[in-house]
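Everything below concerns the one structure shown next.
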Amino acid sequence: MSDSYNSAEKTEDKKNKTAGFTDLLLLSLSVDAYYKWLPNERVLVKQDMGAYIMIYPLEIITEDAEKLKNAFDEFIENNRFSESSRRIFRYFLFMVDDYSVYENAYAQILKDISGKCQKNGIIAEVDILDIKSGTLKTVEGKKMSEKKARTIIIDTVKRYKELQGMGVATEEVINDKKSEMRKKYEALGEVRNAGFLNPTILLIIINIAIFVFGYMTSLDTGEDLFKTLGIQDNVLIMQGEWWRLFTSMFLHADIAHLAGNMLFLFYLGKITIRYYSTAEFYAVYFLSGLCGNLLSFFLTDYRSLGASGAIMGLGGLVIYRMFFGESARLFRKSGNYLIFAVMIAFNLLYGVVAAEANIDNYGHFGGFIGGFLIALAISGIRRLIKNKRL
1 MSDSYNSAEK
11 TEDKKNKTAG
21 FTDLLLLSLS
31 VDAYYKWLPN
41 ERVLVKQDMG
51 AYIMIYPLEI
61 ITEDAEKLKN
71 AFDEFIENNR
81 FSESSRRIFR
91 YFLFMVDDYS
101 VYENAYAQIL
111 KDISGKCQKN
121 GIIAEVDILD
131 IKSGTLKTVE
141 GKKMSEKKAR
151 TIIIDTVKRY
161 KELQGMGVAT
171 EEVINDKKSE
181 MRKKYEALGE
191 VRNAGFLNPT
201 ILLIIINIAI
211 FVFGYMTSLD
221 TGEDLFKTLG
231 IQDNVLIMQG
241 EWWRLFTSMF
251 LHADIAHLAG
261 NMLFLFYLGK
271 ITIRYYSTAE
281 FYAVYFLSGL
291 CGNLLSFFLT
301 DYRSLGASGA
311 IMGLGGLVIY
321 RMFFGESARL
331 FRKSGNYLIF
341 AVMIAFNLLY
351 GVVAAEANID
361 NYGHFGGFIG
371 GFLIALAISG
381 IRRLIKNKRL
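Going by this note's numbering, the first residue of the sequence shown is number 1, and it counts up by one from there.
In structure tokens, the structure reads:
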């Protein structure tokens with residue numbers, strides 16, 4: 001290696017240039033591919049159904065290949081065959097101003113990293129971005145498998161070169177991108193950390209506890225006291241036992257009924273609680289459940305029970321945010337929630353198609369419509385509050 005590449009001054013200069021490109025790339029992927037940028041870790045994360053995609057932009061700026069090898073050996077040792085590694089697809093994106101300068105020192109090490117990840121149960125792809133030539137390939141010489149990210153990365157390289165050619169400061173473009181990212185996520189709404197004992201978990205615990213205690217009373221007396229006092233019975237409701245419109249939301253016919261509802265509640269609750277306050281979440285849940293039970297009360301003579309109407313209300317809220325709310329496209333892409341739209345549609349239509357399944361369709365549709373309309377109302381109230389503040 002020539003003295004020019006070994007000099008500290010040249011290395012620092014290359015580091016600064018690559019760092020500017022890295023920030024531009026991180027912001028571009030965040031804004032245009034809907035990754036969440038974790039600035040402190042300089043990592044990008046995106047949820048894809050139940051799994052996560054993570055992109056690690058790594059800069060090659062020196063010939064310290066042994067240091068890189070040791071760092072990855074430690075990373076692999078700490079993550080080998082871990083539970084989290086099964087749910088994360090990692091892209092290790094090695095970026096270099098001119099890969100031909102470093103290829104002899106790094107090519108085999110990068111291939112070894114890829115092989116070690118596979119052998120140790122870490123789902124990963126090692127990609128090399130040569131900024132000078134604008135090429136992006138895996139260590140095996142294939143295209144990066146994440147198509148959307150691949151397109152944005154290549155476009156960012158072209159943009160970066162254009163800026164350099166025009167003498168435009170990269171910092172100005174980076175600041176513009178930061179502003180664009182802030183505006184997008186402000187429109188999406190605050191993403192909050194609801195903590196472990198959030199409303200979703202509390203509702204699941206309450207539903208399970210009521211089922212268990214009800215089952216225990218049935219063992220002692222031959223009768224589930226909770227179902228006797230709380231099931232939706234339209235005749236008894238008309239006689240004044242109106243509380244059954246609420247209590248039936250916490251009752252389930254059997255363990256399969258309970259498990260199915262709680263699983264769906266967990267997934268829908270995990271989405272919605274991030275964007276809505278505790279009060280808003282409970283409003284959607286209980287009012288939707290009430291809407292479903294009222295529709296069932298007026299249009300059927302069923303004796304029904306279950307949290308389905310309330311849960312489908314959360315489904316109505318998700319559908320509203322995905323297709324009709326502010327920043328609907330950003331919301332869809334930020335969590336890849338289309339699979340949940342399919343699940344919601346399936347749950348609504350299954351009861352219609354499978355008549356023998358003994359499903360209260362009015363409760364489902366009433367809850368879904370209620371949740372959708374409540375979500376619309378919440379959006380309107382938020383706009384009014386925002387406009388008053390302005």
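Every residue gets a Cβ at the ideal spot worked out from N, C-alpha and C, and that includes glycine.
Any chance you could list the alpha helix (DSSP H) runs of at least 4 consecutive residues sitting entirely within the segment 275 to 310, in chain order? Correct list: 278 to 299.
Out of F298, M54, F340, P57, point me to the one whose CA is closest to L263's CA. Ranked by how close their Cα comes to the Cα of L263, the residues F298, M54, F340, P57 have F340 in first place.
Classification of A8 by the beta-carbon crowding that lies within 10 angstroms, buried from 16 upward: Any reading at A8 must be qualified, since the residue scores a pLDDT of 44, below 50, and its modelled position is unreliable; no value is offered.
Please state whether the Cβ-Cβ distance between N261 and A209 is less than 7 Å. Cβ distance not < 7 Å, so N261 and A209 don't count as in contact.
Three-state class that DSSP yields for K132 in the structure shown: Of the three classes helix, strand and coil, the one that applies to K132 here is coil, per DSSP.
Below 7 Å between beta carbons: does that hold for I128 and K137? Contact check for I128 against K137 passes: the beta carbons are separated by less than 7 Å.
Taking DSSP as the reference, what is the three-state secondary structure of V139? In the three-state DSSP reduction, V139 falls in the coil class, being neither helix nor strand.
Report yes if the C-beta distance between G214 and F226 is below 7 Å; otherwise report no. In contact: G214 and F226 (Cβ atoms closer than 7 Å).
Just reading off the beta strand (DSSP E) that A51 is part of, what are its end residues? First-last of the beta strand (DSSP E) with A51: 51 to 59.
Looking at C-alpha atoms only, which residue of A71, K111, G313, M95 is the closest neighbour of K132? Nearest of A71, K111, G313, M95 to K132, Cα basis: M95.
Proximity to V235 [Cα-Cα], best of I369, L202, S304, F75: Checking every option, the nearest Cα to that of V235 belongs to S304.
Please give me, in chain order, every unbroken run of the alpha helix (DSSP H) with length at least 4 that falls completely inside the segment 24 to 112. Counting only unbroken stretches of 4 or more residues, the alpha helix (DSSP H) elements lying wholly within the segment 24 to 112 are 65 to 79, in sequence order.
Would you call the CB atoms of R90 and M144 closer than 7 Å? Going by C-beta atoms, R90 is not nearer than 7 Å to M144.
Buried or exposed: where does T221 fall if 16 or more other Cβ atoms within 10 Å of its Cβ makes it buried? T221 should be labelled exposed.
Give every residue of the same chain whose Cβ lies closer than 7 Å to the Cβ of T156, excluding the five residues on either side of it in the sequence, and list them in chain order. Cβ neighbours of T156 beyond the five flanking positions: L24, L25, S28.
Environment of T278 [buried if 16+ CB atoms lie within 10 Å]: Under this definition T278 is an exposed residue.
Using a threshold of 7 Å, state whether the C-beta atoms of G371 and S288 are closer than that. Result yes, Cβ atoms of G371 and S288 sit closer than 7 Å.
Compare the C-alpha of A283 against each of L317, T300, F298 and name the closest. Checking every option, the nearest Cα to that of A283 belongs to L317.
Does the beta-carbon distance from F211 to H252 come in below 7 Å? A contact, by the Cβ cut-off of 7 Å.
Among the candidates Y337, I359, A345, I381, whose CA atom is the shortest distance from the CA of Q47? It is Y337 whose Cα lies nearest to the Cα of Q47.
Integer Cβ distance of V45 from Y56, believed to fall under 8 Å: At roughly 10 Å, the Cβ-Cβ gap does not stay under 8 Å, so V45 and Y56 are not in contact.
Here's the rule I'm using: 16 or more other beta-carbon atoms within 10 Å means buried, otherwise exposed. How should Q118 be labelled? Per the 10 Å Cβ criterion, exposed.
Cβ atoms of Y320 and A375: under 7 Å apart, would you say? Yes, Cβ-Cβ distance for A375 and Y320 is below 7 Å.
Within the 7 Å Cβ cut-off, does H364 reach chain C? Absent from the structure: chain C. Only one protein chain is present.
If I measure Cβ to Cβ from I109 and keep anything under 6 Å in the same chain, skipping five residues before and after, which residues do I get? The answer, listed in chain order, is A65, K69.
Using 8 Å for Cβ pairs, my map puts Y34 next to K333. What's the rounded Cβ distance? Confirmed, about 4 Å.
For K388, the three-state DSSP class (helix, strand or coil): Residue state, collapsed to three classes: helix.
Of the choices L202, L268, G292, D254, whose alpha-carbon is the least far from that of L245? The shortest Cα separation from L245 among L202, L268, G292, D254 belongs to G292.
What is the rounded straight-line gap between the Cα of I60 and the Cα of E140? Roughly 18 Å separates the two Cα atoms.
Should L290 be labelled buried (16 or more other beta-carbon atoms within 10 Å of its own) or exposed? Buried, since its Cβ has 16 or more Cβ neighbours within 10 Å.
Taking Cβ to Cβ, would you say I273 is nearer than 7 Å to T200? A Cβ-Cβ contact shorter than 7 Å links I273 with T200.
A253, DSSP secondary structure in three states: In this structure, A253 counts as coil in the three-state DSSP scheme.
Check whether the Cβ atoms of G363 and G309 lie closer than 7 Å to each other. Yes.
Identified DSSP bridge partners for V126: Per DSSP, F92.
For L299, does the count of other Cβ atoms within 10 angstroms reach 16, so buried, or fall short, so exposed? The C-beta of L299 has fewer than 16 other C-beta atoms within 10 Å across all chains shown, which makes the residue exposed.
Confirm, please, whether the CB-CB distance from T170 to G366 is below 7 Å. No, these two residues do not count as a Cβ contact at 7 Å.
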